[in-house]
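Residue numbers (our numbering): 17 to 442.
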Ligand code: EPU
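Shown next as structure tokens:
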């Protein structure tokens with residue numbers, strides 16, 4: 017068992033690097049299967065969701081060769097239309113991109129249903145609606161999804177009933193090889209949607225409109241490999257921004273696309289922190305009191321739901337009462353009970369958390385209940401007085417590259433420790 021131990025109270029100072037974006041890296045790895053050639057992917061984050069994605073595609077015949085810690089060559093020419101092992105697919109939500117990739121390439125696929133963080137019900141009805149619109153027959157039974165066509169998919173018009181990042185990306189990945197043109201309306205506009213479309217366009221696809229709510233994909237069989245670098249992770253950047261403000265520190269956060277973090281910067285400024293933008297970096301610093309604010313999570317370009325738990329830690333330290341209004345997930349507030357152990361004063365009523373600021377958080381033993389909740393505990397531990405211990409850190413390692421060393425390098429007293437399992441005898 018591993019845990020993170022933090023002796024809190026140090027202000028973070030210095031320069032910190034942001035890694036490539038998890039939620040772009042994962043679909044791009046699966047999109048390589050749709051391309052069916054040799055691709056080199058750079059700026060990959062070292063996180064377990066990337067490792068699992070690579071394991072999944074190698075289980076069906078892709079050849080993986082690491083060129084460096086952050087770049088990998090993926091040869092998917094010999095991928096076969098087999099099913100990937102369920103225990104791998106169940107480990108992560110993003111494994112559903114395998115369905116789009118295999119459907120586009122082979123015209124049918126049978127796969128286990130995806131796992132991922134427990135944030136409440138996370139249906140994939142919009143993905144299924146898109147696959148059906150493209151001409152597939154879809155059956156979901158006994159934890160499996162079976163998607164079949166007689167002779168491949170055909171372009172179609174798809175109007176999503178809700179803004180779905182996964183549904184939008186999965187449809188793009190499937191439709192690049194469809195016969196004819198696909199038009200997605202009410203598409204998600206997240207930067208990772210644009211990154212996946214850019215990657216596929218480098219491989220010869222014809223995708224226009226990514227980044228707007230209408231995306232057009234003209235299908236082609238003429239795809240080829242390319243070299244592509246993943247964009248920086250805006251959520252990791254936002255996490256560092258909050259950590260700087262929460263510890264009254266000053267962090268130069270490098271490898272950032274400032275436009276992607278506008279919503280986060282705006283809230284930090286509203287709370288009284290200083291955010292200075294450079295071409296590919298932001299400098300965040302804070303001293304003194306933080307003002308309370310209201311935050312409402314929304315699809316991009318709104319405030320990201322994946323920053324809800326981290327931002328809530330900062331609201332705990334504000335001088336007054338703030339509100340966190342969650343509009344994407346029904347169960348995003350599982351971190352609240354953990355923060356309460358650290359002295360937070362939070363009341364949750366349905367999808368709104370009312371957060372009464374406290375002078376200081378106090379150290380405690382807490383759990384990472386999901387990925388973003390887990391990293392919120394790290395920020396809380398950095399800001400708190402005393403020693404905080406965080407259990408179940410595998411959640412954090414699904415999405416944060418080398419987080420303890422990155423924080424240690426800017427002054428945090430933070431360590432990952434391995435606790436021997438008492439039931440294992442050697
Ligand atoms: N939804 C449906 N039906 C669908 C798809 C989505 O009702 O078929 C609903 C969801 O239940 C949710 C909302 O639509 O209420 C948004 O879901 P979306 O499809 O946009 O999310 P996702 O693709 O499952 C990705 C990220 C999440 C991130 C969301 C929102 C991956 C692998 N996951 O999830 O990332 O929160 O987009 O930006 O890309 C994380 O990184 O910690 C994380 C949870």
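All residues carry an ideal CB built from backbone N, CA and C; glycine is no exception. Owing to the predicted nature of the structure, the values given are computational and were not obtained by experimental measurement.
Quiz item: In whole angstroms, what is the alpha-carbon distance linking residue 332 and residue 29?
Solution: Indexing the chain shown from 1 puts residue 332 at position 316. Indexing the chain shown from 1 puts residue 29 at position 13. Just so you know, the alpha carbons of residue 332 and residue 29 end up roughly 22 Å apart.
Quiz item: Quick one: is residue 282 buried, meaning 16 or more other Cβ sit within 10 Å of its Cβ, or exposed?
Solution: Position 266 of the chain shown holds residue 282. By the 10 Å Cβ count, residue 282 comes out exposed.
Quiz item: residue 151 and residue 170 look like a contact to me (Cβ under 8 Å); what is the Cβ gap, rounded to whole Å?
Solution: Along the chain shown, one-based indexing puts residue 151 at 135. Along the chain shown, one-based indexing puts residue 170 at 154. In this structure, residue 151 and residue 170 form a Cβ contact; the two beta carbons are roughly 5 Å apart against a cut-off of 8 Å.
Quiz item: Would the beta-carbon of residue 367 be found less than 6 Å away from any heavy atom of the ligand EPU?
Solution: The count along the chain shown starts at 1 and reaches residue 367 at position 351. Because no heavy atom of the ligand EPU lies under 6 Å away, the Cβ of residue 367 does not count as near it: no.
Quiz prompt | CB contact flag (residue 316, residue 31, <7 Å) | solution = Taking the chain shown and counting its residues from 1, one reaches residue 316 at position 300. Taking the chain shown and counting its residues from 1, one reaches residue 31 at position 15. Against a cut-off of 7 Å, the Cβ pair of residue 31 and residue 316 comes out as no contact.
Quiz item: So which of 365, 328, 321 has the shortest CA-CA distance to residue 206?
Solution: Here residue 206 corresponds to residue number 190 of the chain shown, with the count starting at 1. For residue 206, the closest alpha carbon among the candidates 365, 328, 321 is that of 321.
Exercise. Return yes when the C-beta of residue 329 is under 6 Å from any heavy atom of the ligand EPU, and no when it is not.
Key: Within the chain shown, the letter at position 313 stands for residue 329. Not one heavy atom of the ligand EPU lies closer than 6 Å to the C-beta of residue 329.
Self-check item: Where residue 83 falls, given that 16 or more other Cβ within 10 Å makes a residue buried
Solution: The count along the chain shown starts at 1 and reaches residue 83 at position 67. Its Cβ having fewer than 16 others within 10 Å, residue 83 is exposed.
Quiz item: Should the segment 99-119 be called in touch with the segment 157-169, which here means at least 3 C-beta pairs below 8 Å?
Solution: At 8 Å Cβ cutoff, the stretches touch.
Quiz item: DSSP state of residue 326, grouped into three classes?
Solution: The residue labelled residue 326 in the question sits at position 310 within the chain shown. For residue 326, the secondary structure class from DSSP, reduced to helix, strand or coil, is helix.
Quiz item: What are the boundary residues of the beta strand (DSSP E) that residue 316 is part of?
Solution: Sequence index remark: in the chain shown, residue 316 carries index 300 (1-based). Looking at the DSSP string, residue 316 is not in any beta strand (DSSP E), and its letter there is neither H nor E.
Quiz item: Does the segment 179-196 touch the segment 251-269, meaning 3 or more C-beta pairs lie closer than 8 Å?
Solution: No: the two stretches stay apart, fewer than three of their Cβ pairs being nearer than 8 Å.
Practice problem: Label residue 94 either buried or exposed according to how many other C-beta atoms from any shown protein chain fall within 10 Å of its C-beta, with 16 as the threshold for buried. | Solution: The residue given as residue 94 occupies position 78 in the chain shown. Classification for residue 94: exposed.
Quiz item: So residue 324 and residue 346 are in contact, right, with Cβ under 8 Å, and what is the actual spacing, rounded?
Solution: Numbered from its first residue, the chain shown carries residue 324 at position 308. Numbered from its first residue, the chain shown carries residue 346 at position 330. Wrong, their Cβ atoms sit about 13 Å apart, outside the cutoff.
Quiz item: Is DSSP giving residue 273 helix, strand or coil here?
Solution: Position 257 of the chain shown, counting from 1, holds the residue named residue 273. If DSSP states are grouped into helix, strand and coil, residue 273 belongs with coil.
Practice problem: Please work out which residues of its chain come closer than 7 Å, Cβ to Cβ, to residue 314, disregarding the five sequence neighbours upstream and downstream, and give them in chain order. | Solution: Working through the chain shown from its first residue, we reach residue 314 at position 298. Within the same chain, residue 314 has close Cβ partners 343.
Quiz item: Hey, how far is the Cα of residue 442 from the Cα of residue 436?
Solution: Here residue 442 corresponds to residue number 426 of the chain shown, with the count starting at 1. Here residue 436 corresponds to residue number 420 of the chain shown, with the count starting at 1. Caution is warranted here: a pLDDT of 49 is assigned to residue 442, below 50, making its placement in the model unreliable, and the coordinate value is therefore given only provisionally. Distance between the alpha carbons of residue 442 and residue 436: 11 Å.
Quiz item: Is the Cβ-Cβ distance between residue 308 and residue 336 less than 7 Å?
Solution: The residue labelled residue 308 in the question sits at position 292 within the chain shown. The residue labelled residue 336 in the question sits at position 320 within the chain shown. Taking 7 Å as the Cβ cut-off, residue 308 and residue 336 qualify as a contacting pair.
Quiz item: Using the beta-carbon count (16 or more within 10 Å), is residue 303 buried or exposed?
Solution: As a first step, residue 303 is located in the chain shown; it is residue number 287 there, counting from the start. With fewer than 16 other Cβ atoms from the protein chains shown falling within 10 Å of its own Cβ, residue 303 counts as exposed.
Practice problem: For residue 243, I'd like the list of residues in its chain whose CB is within less than 6 Å of its CB, leaving aside the five on either flank, ordered along the chain. | Solution: Taking the first residue of the chain shown as 1, we reach residue 243 at position 227. Apart from sequence neighbours up to five positions away, the residues of its chain that approach residue 243 with a beta-carbon distance below 6 Å are 56, ordered along the chain.
Practice problem: Out of 414, 429, 389, 71, state which residue places its alpha-carbon closest to the alpha-carbon of residue 403. | Solution: Here residue 403 is taken as the residue at index 387 of the chain shown, counted from 1. With respect to the C-alpha of residue 403, the residue from 414, 429, 389, 71 having the closest C-alpha is 429.
Quiz item: For residue 34, does the three-state DSSP call read helix, strand or coil?
Solution: The residue you call residue 34 lines up with position 18 of the chain shown. DSSP places residue 34 in coil when its eight states are reduced to three.
Practice problem: Just list the beta strand (DSSP E) runs in the segment 220-266, keeping only unbroken ones of 3 residues or longer that don't cross its boundaries, in chain order. | Solution: Correct list: 222-224, 230-234, 243-245.
Quiz item: Based on Cα-Cα distance, which residue from 164, 86, 204 lies nearest to residue 115?
Solution: Here residue 115 corresponds to residue number 99 of the chain shown, with the count starting at 1. Nearest option by C-alpha distance: 164.
Quiz item: Based on the DSSP output, what are the partners of residue 160 in its beta bridges?
Solution: Position 144 of the chain shown, counted from the start, is the residue given in the question as residue 160. Its beta-bridge partners are 128, 157.
Quiz item: Identify the residues that DSSP records as bridge partners of residue 366: which are they?
Solution: Within the chain shown, the letter at position 350 stands for residue 366. DSSP, once it has assigned bridges, lists no residue as partnering residue 366.
Quiz item: Taking 6 Å as the cut-off, does the CB of residue 138 come closer than this to any heavy atom belonging to the ligand EPU?
Solution: For this step, residue 138 is matched to residue 122 along the chain shown. It does: the Cβ of residue 138 is within 6 Å (strictly closer) of some heavy atom of the ligand EPU.
Practice problem: Measure from the alpha carbon of residue 385 to the alpha carbon of each residue in 59, 134, 41, then state which is nearest. | Solution: Mapped onto the chain shown, residue 385 falls at position 369. Here the closest residue by C-alpha is 134.
Self-check item: Nearest-angstrom Cα separation, counted from residue 117 out to residue 126
Solution: Along the chain shown, read from residue 1 onward, the residue named residue 126 stands at position 110. Along the chain shown, read from residue 1 onward, the residue named residue 117 stands at position 101. Spanning the two alpha carbons is a distance of roughly 12 Å.
Self-check item: Residue burial classification, residue 46 (beta-carbon count within 10 angstroms, cutoff 16)
Solution: Against the chain shown, residue 46 aligns to sequence position 30. Answer is buried; the Cβ neighbour count reaches 16.
Quiz item: Can you give the Cα-Cα distance for residue 39 and residue 20, rounded to whole angstroms?
Solution: Walking along the chain shown from the start, residue 39 turns up at place 23. Walking along the chain shown from the start, residue 20 turns up at place 4. Rounded to the nearest angstrom, the two C-alpha atoms are 24 Å apart.
Quiz item: Going by C-alpha distance, which of 122, 178, 72 is nearest residue 128?
Solution: Numbered from its first residue, the chain shown carries residue 128 at position 112. Residue 72 holds the alpha-carbon nearest to the alpha-carbon of residue 128 among 122, 178, 72.
Quiz item: In angstroms, rounded to a whole number, what distance separates the CA positions of residue 412 and residue 229?
Solution: For this step, residue 412 is matched to residue 396 along the chain shown. For this step, residue 229 is matched to residue 213 along the chain shown. Between residue 412 and residue 229, the C-alpha separation is close to 31 Å.
Quiz item: Looking at C-beta atoms only, is the number of pairs between the segment 58-70 and the segment 231-249 that lie closer than 8 Å three or more?
Solution: Counting Cβ pairs under 8 Å, three or more are found: they touch.
Quiz item: Which of the three DSSP states, helix, strand or coil, is assigned to residue 437?
Solution: As a working mapping, residue 437 is identified with position 421 in the chain shown. The three-state reading of DSSP puts residue 437 in coil, since its state is none of H, G, I, E or B.
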